[in-house]
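Engineer: The structure follows.
If you want it as structure tokens, here you go:
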């Protein structure tokens, strides 16, 4: 695998291989010294043109636990503020010899463009409304860890689907692994081409709560909205928020997931986030092992070998 730009670059077999490797790296992360020499001598550069906490930090931790060097890049203190283009920034960083670029950008398609400007491997860490493949991978891994398998699970994705790159990647990943996905949102927060997605659509959260294994909440993304799409947040919560009363109607063992950051009290009630079936912190923790697996698959000299260098 040279790049990871989309979940479709992996398919079901690739997703399962990432999860298999993530099992090994989860064990590594639990050691007193959570580090292996698998990518010693490799350099991973972070090109984040949008704010990020979970994704950026977990990629940095993942790279360091594999013994790779990390090259940071901050837009606020870079020549971007002097008008430097993305291409010139990539050319500059590529001249320093990184082996992989982890790219997040507000515009869809930028990570794909970057592949034409560098010989390094490129990982899409989120591009506009398009995709966020490593988020979908860690979500698959979390469901697999909690419920044993994604296959056959009934997953409700709830919220601002129109502006969500996470929703697009998760739908591809979940359905490729055999899950049944239902999107729940007001009509104004559904993408225009949703009829072509391999999903069911419901405008009523109450209608699907009693028959699901996972409720996956999405943040209302005001920063990506160019128009008023909701009467008010209060009305949104009343109709589509996962309140305490609604969460009580979930089947026993059903998971509550969210990619973060959460608008507490809007898409999910704070009390629901504190319940044992809420997996937000687990998703963050699993994100490190999953991103270790992705970096290993891209950069290891022979990814068929055991991450510690022993034959698998």
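Residue numbers (my numbering): -2 to 309. Ideal Cβ positions, reconstructed from N, Cα and C, are used throughout, including at glycine.
What does residue 140 pair with, by DSSP beta-bridge criteria?
Structural biologist: Numbered from its first residue, the chain shown carries residue 140 at position 143. Residue 140 is not bridged to any residue.
Engineer: Reducing DSSP to helix, strand and coil, say where residue 295 ends up.
Structural biologist: Taking the chain shown and counting its residues from 1, the one referred to as residue 295 is at position 298. Correct three-state label for residue 295: helix.
Engineer: Alpha carbon to alpha carbon, what distance is there between residue 204 and residue -2?
Structural biologist: If you number the chain shown from 1, residue -2 lands on position 1. If you number the chain shown from 1, residue 204 lands on position 207. If you take the alpha carbons of residue -2 and residue 204, they lie about 41 Å apart.
Engineer: From the DSSP output, in three-state form, read off residue 54 for me.
Structural biologist: The residue labelled residue 54 in the question sits at position 57 within the chain shown. Helix at residue 54.
Engineer: Quick check on residue 1: buried or exposed, where buried means 16 or more other Cβ atoms within 10 Å of its Cβ?
Structural biologist: Sequence index remark: in the chain shown, residue 1 carries index 4 (1-based). Counting every other CB atom within 10 Å of its CB across the protein chains shown gives residue 1 a total of 16 or more, marking it as buried.
Engineer: Excluding the five sequence neighbours on either side, which residues of its own chain have a C-beta within less than 8 Å of the C-beta of residue 191, listed in chain order?
Structural biologist: The residue labelled residue 191 in the question sits at position 194 within the chain shown. These residues qualify, in order along the chain: 158, 180 and 198.
Engineer: Which class does residue 171 belong to by DSSP, given the choice of helix, strand or coil?
Structural biologist: In the chain shown, the residue the question calls residue 171 occupies position 174. Helix at residue 171.
Engineer: Decide if the segment 81 to 90 is in contact with the segment 19 to 37; the criterion is three or more beta carbon pairs, one per stretch, under 8 Å apart.
Structural biologist: no
Engineer: Report buried or exposed for residue 94, applying the criterion of at least 16 other Cβ atoms within 10 angstroms of its Cβ.
Structural biologist: One-based indexing of the chain shown puts residue 94 at position 97. The residue in question, residue 94, is exposed, as its Cβ has fewer than 16 Cβ neighbours within 10 Å.
Engineer: To the nearest angstrom, report how far apart residue 174 and residue 128 are at their CA atoms.
Structural biologist: Mapped onto the chain shown, residue 174 falls at position 177. Mapped onto the chain shown, residue 128 falls at position 131. Whole-angstrom Cα-Cα distance: 18 Å.
Engineer: Any idea which residues DSSP pairs residue 121 with across the strands?
Structural biologist: Your numbering for residue 121 matches position 124 in the chain shown. Beta-bridge partners of residue 121 (DSSP): 100.
Engineer: Tell me whether the beta-carbon of residue 106 lies closer than 8 Å to the beta-carbon of residue 85.
Structural biologist: As a working note, residue 106 is residue 109 in the chain shown. As a working note, residue 85 is residue 88 in the chain shown. It is not a contact, given that the beta carbons lie outside the stated cut-off.
Engineer: Give me whichever residues DSSP pairs with residue 45 in a beta bridge.
Structural biologist: Reading the chain shown from its first residue, position 48 is the one you call residue 45. Looking at the DSSP assignment, residue 45 forms a beta bridge with 71 and 101.
Engineer: What are the residues that DSSP puts in a beta bridge with residue 6?
Structural biologist: Residue 6 sits at position 9 when you count from the first residue of the chain shown. In the DSSP output, where bridge partners are listed per residue, residue 6 has none listed.
Engineer: Excluding the five sequence neighbours on either side, which residues of its own chain have a C-beta within less than 6 Å of the C-beta of residue 42, listed in chain order?
Structural biologist: Walking along the chain shown from the start, residue 42 turns up at place 45. Hits under 6 Å: 68, 90, 95 and 98.
Engineer: Tell me the residue span of the alpha helix (DSSP H) that contains residue 269.
Structural biologist: Locating residue 269 in the chain shown gives position 272, counting from the first residue. That run of the alpha helix (DSSP H) goes 267 to 270.
Engineer: What residues in its chain sit with their C-beta under 8 Å from that of residue 293, if we drop five residues either side in the sequence?
Structural biologist: Residue mapping note: residue 293 aligns to position 296 of the chain shown, counting from 1. Within the same chain, residue 293 has close Cβ partners 18, 22, 35, 36, 63, 300 and 304.
Engineer: What residue does the beta strand (DSSP E) around residue 261 start on, and which one ends it?
Structural biologist: Stepping through the chain shown from its first residue, residue 261 is reached at position 264. Unbroken run through residue 261: none, as it is neither H nor E.
Engineer: In the DSSP assignment, the alpha helix (DSSP H) including residue 230 goes from what residue to what residue?
Structural biologist: As a working note, residue 230 is residue 233 in the chain shown. First-last of the alpha helix (DSSP H) with residue 230: 230 to 237.
Engineer: Provide the residue span of the beta strand (DSSP E) that contains residue 152, from first to last.
Structural biologist: Residue mapping note: residue 152 aligns to position 155 of the chain shown, counting from 1. Taken as a continuous stretch (DSSP letters only), the beta strand (DSSP E) holding residue 152 covers 151 to 155.
Engineer: Determine the extent of the beta strand (DSSP E) in which residue 198 is found, giving its start and end residues.
Structural biologist: Taking the chain shown and counting its residues from 1, the one referred to as residue 198 is at position 201. First-last of the beta strand (DSSP E) with residue 198: 197 to 199.
Engineer: So, at 7 Å on beta carbons, what are the nonlocal neighbours of residue 284 in its own chain, with the 5 sequence-adjacent residues on each side left out?
Structural biologist: By one-based count along the chain shown, residue 284 stands at place 287. Correct list, in chain order: 51, 55 and 135.
Engineer: What is the DSSP secondary structure of residue 85, counted as helix, strand or coil?
Structural biologist: Residue mapping note: residue 85 aligns to position 88 of the chain shown, counting from 1. Here residue 85 sits in helix by DSSP.
Engineer: Does residue 297 come within less than 8 Å of chain B when only Cβ atoms are used?
Structural biologist: Chain labels in this structure do not include chain B; a single protein chain is all it has.
Engineer: Going by DSSP, what residue range makes up the beta strand (DSSP E) through residue 181?
Structural biologist: Position 184 of the chain shown, counted from the start, is the residue given in the question as residue 181. 177 to 181 is the extent of the beta strand (DSSP E) around residue 181.
Engineer: Assign residue 119 to buried or exposed, taking buried as 16 or more other Cβ atoms, counted over all protein chains shown, within 10 Å of its Cβ.
Structural biologist: If you number the chain shown from 1, residue 119 lands on position 122. Classification for residue 119: buried.
Engineer: On the DSSP bridge assignment, give the partners of residue 35 in chain order.
Structural biologist: Along the chain shown, one-based indexing puts residue 35 at 38. Answer is none; residue 35 lacks a bridge partner.
Engineer: Just reading off the alpha helix (DSSP H) that residue 253 is part of, what are its end residues?
Structural biologist: Counted from its first residue, the chain shown places residue 253 at position 256. Not the alpha helix (DSSP H): residue 253 falls in the beta strand (DSSP E), residues 252 to 254.
Engineer: Pull up the distance between the alpha-carbon of residue 201 and that of residue 258, whole angstroms please.
Structural biologist: Your numbering for residue 201 matches position 204 in the chain shown. Your numbering for residue 258 matches position 261 in the chain shown. C-alpha separation (whole angstroms): 24 Å.
Engineer: Are the beta-carbon atoms of residue 182 and residue 144 separated by less than 8 Å?
Structural biologist: Start at 1 with the first residue of the chain shown, and residue 182 comes out as number 185. Start at 1 with the first residue of the chain shown, and residue 144 comes out as number 147. Cβ distance not < 8 Å, so residue 182 and residue 144 don't count as in contact.
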